[in-house]
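Q: Protein chains in written order, with this note's numbering: chain A, 1246 to 1390; chain B, 1246 to 1390. Virtual Cβ for every residue (Gly too), placed ideally from N, Cα, C. These figures come from a predicted structure and were not determined experimentally.
Protein chains: 2
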Amino acid sequence: MKSSHKLSDAVHILTYIELLPNDDLSSAAIARSVESNPSLIRRLMSQLTQAGLLTTQAGKATPKLSRPAATISLRDVLHAIDPAPQLLSIDDKTNPQCLVGGNIQQTLNDVYEEVQTAAEAKMASISLQSIIDELLVHAANKPTD
Amino acid sequence: MKSSHKLSDAVHILTYIELLPNDDLSSAAIARSVESNPSLIRRLMSQLTQAGLLTTQAGKATPKLSRPAATISLRDVLHAIDPAPQLLSIDDKTNPQCLVGGNIQQTLNDVYEEVQTAAEAKMASISLQSIIDELLVHAANKPTD
DNA sequence: ACACATGTTACTTTAAAAATAACAGGATTG
DNA sequence: CAATCCTGTTATTTTTAAAGTAACATGTGT
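(1) Do LEU1285 of chain A and VAL1279 of chain A have their C-beta atoms closer together than 9 Å?
(2) Measure how close the beta-carbons of VAL1356 of chain A and ILE1376 of chain B come, nearest whole angstrom, since I'm counting them as under 8 Å.
(3) Would you say LEU1264 of chain B and SER1318 of chain B are within 9 Å of each other, going by their C-beta atoms?
(4) At least one CB of chain B closer than 9 Å to the CB of ASN1348 of chain A: is that the case?
(5) Going by DSSP, what residues sit across from THR1362 of chain B in a beta bridge?
(6) What's the call for PRO1328 of chain A, buried or exposed, on a 16-neighbour Cβ count within 10 Å?
(7) Short of 8 Å in beta carbon distance, which residues of its chain neighbour VAL1256 of chain B, apart from the five on each side in sequence? Order them along the chain.
(8) Starting from the beta carbon of VAL1345 of chain B, find every residue of chain A whose beta carbon is closer than 8 Å, and list them in chain order.
(9) Which partner residues does LYS1291 of chain B have in the DSSP bridge list?
(10) Are there 16 or more other CB atoms within 10 angstroms of the CB of PRO1308 of chain A, so buried, or fewer, so exposed?
(11) Counting pairs of Cβ atoms below 8 Å between the stretch 1360-1371 of chain B and the stretch 1330-1340 of chain B, do you hit three or more?
(12) According to DSSP, simplified to helix, strand and coil, what is PRO1308 of chain B?
(13) At a Cβ cut of 9 Å, what residues of the stretch 1362-1386 of chain B count as close to chain A, listed as they run along the chain?
(14) Considering only their Cβ atoms, is the gap separating ALA1325 of chain A from ALA1296 of chain A smaller than 9 Å?
(15) Is there a Cβ of chain B sitting closer than 9 Å to that of ASP1254 of chain A, yes or no?
(16) Between which two residues does the alpha helix (DSSP H) harbouring GLN1342 of chain B extend?
(17) What in chain B is Cβ-close to HIS1250 of chain A, meaning under 7 Å?
(18) Quick check on the DSSP output: the alpha helix (DSSP H) that includes ASP1331 of chain B runs from which residue to which?
(19) Could you list which residues in chain A have their beta carbon closer than 7 Å to that of GLN1351 of chain B, in chain order?
(20) For the alpha helix (DSSP H) holding THR1260 of chain A, just list the boundary residues, first then last.
(21) What separation, rounded to the nearest whole angstrom, lies between the Cα atoms of ALA1306 of chain B and HIS1250 of chain A?
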């Protein structure tokens, strides 16, 4: 499969809006930064808006974070773009007649849930603000700016 | 993308070999349990063998775990089939001219590594034996067996 | 009215995984 | 030693979910 980077793009969008509030915040401008297309950006922004992370206005390029960046976690962003994220995926086509094939799915489901919970706990501890702070450190440390 | 379930299949294979040692352990038989094809099974088994988790013999259908199932972790299996697993994926095509686009990749790389480490720590704590034990509980609790 | 924006739906392209095929060799049996 | 079944590996085709693109109804401000 082609691995999804929707989460990365969503974080990118939120960071852009928070860090460059005086720039052009149209979907076209953000798309130029993401090197993607405006339609994709609008779809992601729509999901972020529906999740209550972003405030937008139809017709006006004036998106704003709905809450302080310090109170938005990476997990919040993930759940905004995917209500039931699965980092690990189960093979749902196994032989039900077999002891292993017939029980491995439920078993792995339990196991993967543990891993998912651990990963999401870490994600819940990482705020958009900390990501922005780190990005600025990276930018400051660049040789040629 | 199509999300990979190689990890699930690899666990399935190891579980099958450990739990049904007196059954036919040919790639064709295992493929019937996974509902996949023998070639795929052989490729996965080859990776597991190279990682030192499985002992196989060309020409003979007699695979065996190289170590006790209690000493094989889910993380070991993951690394056997993918030396550099990435649960979250970065968008590697962003505008380098932009403050955000030019620094988001390194930033997310750091952030995702934290999440990856948390997930892998949990995976390291889950043994193949515990997965097998849980599978047997599931099998025992099935209404119609 | 016009220019430009969002929000949403539908369609096309793409790339990674899975499926399949093929075959060189090892093992076992009669 | 021929026949048969197996493994291990490579190459090719098919599938499918994400990304890319297009289109358009509708909101906004001059």
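A: With the given structure in hand:
(1) Pairing LEU1285 of chain A with VAL1279 of chain A gives a Cβ-Cβ distance under 9 Å.
(2) Right, the Cβ-Cβ distance comes to about 6 Å (below 8 Å), so this counts as a contact.
(3) In this structure, LEU1264 of chain B keeps its C-beta atom at 9 Å or more from the C-beta atom of SER1318 of chain B.
(4) Taking Cβ atoms only, chain B reaches closer than 9 Å to ASN1348 of chain A, which makes this a yes.
(5) Its beta-bridge partners do not exist; DSSP assigns none.
(6) PRO1328 of chain A is exposed by the Cβ-count criterion.
(7) Excluding sequence positions up to five before and after VAL1256 of chain B, its CB lies within less than 8 Å of the CB of LEU1319, VAL1322, LEU1373 and ILE1376, all in the same chain and listed in chain order.
(8) What VAL1345 of chain B touches in chain A: HIS1257, THR1260, TYR1261, LEU1264, LEU1265, SER1278 and LEU1380.
(9) Reading off the sequence, residue 1291 of chain B comes out as Ser, not Lys. Note: SER1291 of chain B sits in no beta bridge, so no partner.
(10) Classification of PRO1308 of chain A: buried, given that the 10 Å Cβ count is 16 or more.
(11) Touching, per the Cβ criterion.
(12) If DSSP states are grouped into helix, strand and coil, PRO1308 of chain B belongs with the strands.
(13) Listed by position along the chain: THR1362, ALA1363, ALA1364, GLU1365, ALA1366, LYS1367, MET1368, SER1370, ILE1371, SER1375, ILE1376, ILE1377, GLU1379, LEU1380, LEU1381, VAL1382, HIS1383 and ALA1384.
(14) For ALA1296 of chain A and ALA1325 of chain A, yes; Cβs fall inside 9 Å.
(15) Nearest CB-CB separation between ASP1254 of chain A and chain B: below the 9 Å threshold.
(16) According to the DSSP assignment, GLN1342 of chain B belongs to no alpha helix (DSSP H), since it is labelled neither H nor E.
(17) Chain B residues near HIS1250 of chain A: SER1334, ILE1335 and ASP1336.
(18) Here the sequence assigns Gln to residue 1331 of chain B, which means Asp is not the residue at that position. Careful: GLN1331 of chain B lies outside any alpha helix (DSSP H) and carries neither H nor E.
(19) Within chain A, the residues near GLN1351 of chain B are HIS1383.
(20) THR1260 of chain A -> alpha helix (DSSP H) spans 1251-1264.
(21) The alpha-carbon atoms of ALA1306 of chain B and HIS1250 of chain A are separated by roughly 41 Å.
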